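Student: Sending over a structure as structure tokens; questions will come in a sec.
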């Protein structure tokens with residue numbers, strides 16, 4: 001009985017993300033919710049508490065940190081705080097639906113810059129620099145494979 005009550009407490013206390021978070025973000029930014037979910041799977045394996053430190057390949061120096069489900073980069077933190085969306089980077093870990101909304105907003109901004117394409121989707125991970133084309137393509141291919149699997153499993157659509 002103790003194990004069951006501990007498990008129930010864990011479910012109630014730990015932040016989680018559900019389909020509503022992806023549906024809501026997708027609807028707001030006109031992006032397929034399954035694509036948003038595919039990105040979250042590819043970025044964090046749907047773990048809301050995960051962080052990643054991005055390091056310079058030559059020096060090992062920390063360059064930035066990615067937070068939560070959508071791995072929102074720390075380069076956005078100051079702007080998000082100034083706009084009143086978050087109080088600190090912890091909000092990106094403790095509020096999974098907010099993390100999904102912010103990640104989807106960032107993706108929508110990228111689509112406005114470079115158009116709706118798989119290569120542009122790759123800029124969500126690799127940025128816009130011309131020398132990052134292969135990295136964008138690799139990322140887009142990985143997300144596309146996840147997206148295809150979700151389409152088949154959740155909608156019965158085979159591409």
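In the UniProt record's numbering, the protein residues as written are 1 to 159.
Each residue gets a CB set at the ideal place from its N, CA and C atoms; glycine is no exception.
The structure displayed is predicted, hence computed values, not measured ones.
Quick one: what's got a C-beta closer than 8 Å to residue 29's C-beta in the same chain, skipping five residues either side?
Tutor: Closer than 8 Å at the Cβ level, and outside the excluded window around residue 29, lie 104, 105, 107, 108.
Student: I'd like to know if the stretch 113-120 and the stretch 82-100 are in contact, where contact means that at least 3 CB-CB pairs between them fall below 8 Å.
Tutor: No, the stretch 113-120 is not in contact with the stretch 82-100.
Student: I'd like the span of the alpha helix (DSSP H) that includes residue 91, first residue to last.
Tutor: Residues 90-94.
Student: I need the straight-line Cα distance from residue 4 to residue 18, nearest angstrom please.
Tutor: Residue confidence is low: residue 4 scores 39 on pLDDT, short of 50, so the model does not pin down where it sits. Its coordinate-derived value is still stated next. Those two C-alpha atoms are separated by around 22 Å.
Student: Which same chain residues, not among the five before or five after residue 21, have their C-beta less than 7 Å away from its C-beta?
Tutor: Contacts found: 96, 97, 100.
Student: Are at least three pairs of beta-carbons, each pair with one atom in the stretch 140-148 and one in the stretch 59-78, less than 8 Å apart?
Tutor: Contact between the stretch 140-148 and the stretch 59-78 is absent, because fewer than three Cβ pairs lie under 8 Å.
Student: Pull up the CB-CB distance for residue 154 and residue 34, whole angstroms please, since I reckon it's below 8 Å.
Tutor: About 6 Å separates the two Cβ atoms, so the contact holds.
Student: When DSSP builds the beta bridges, which residues end up paired with residue 67?
Tutor: According to DSSP, residue 67 bridges with 51, 72.
Student: Compute the beta-carbon to beta-carbon distance between residue 64 and residue 73, rounded to the nearest angstrom, for a pair I have assumed lies under 8 Å.
Tutor: Their Cβ separation, rounded to whole angstroms, is 5 Å, which keeps residue 64 and residue 73 in contact under 8 Å.
Student: What residue range is occupied by the uninterrupted alpha helix (DSSP H) comprising residue 119?
Tutor: Looking at the DSSP string, the run of the alpha helix (DSSP H) that includes residue 119 is 118-126.
Student: Could you round the C-beta distance between residue 159 and residue 37 to whole angstroms and report it? I think they count as a contact, below 8 Å.
Tutor: Not quite, the Cβ-Cβ distance comes to about 16 Å (not below 8 Å), so this is no contact.
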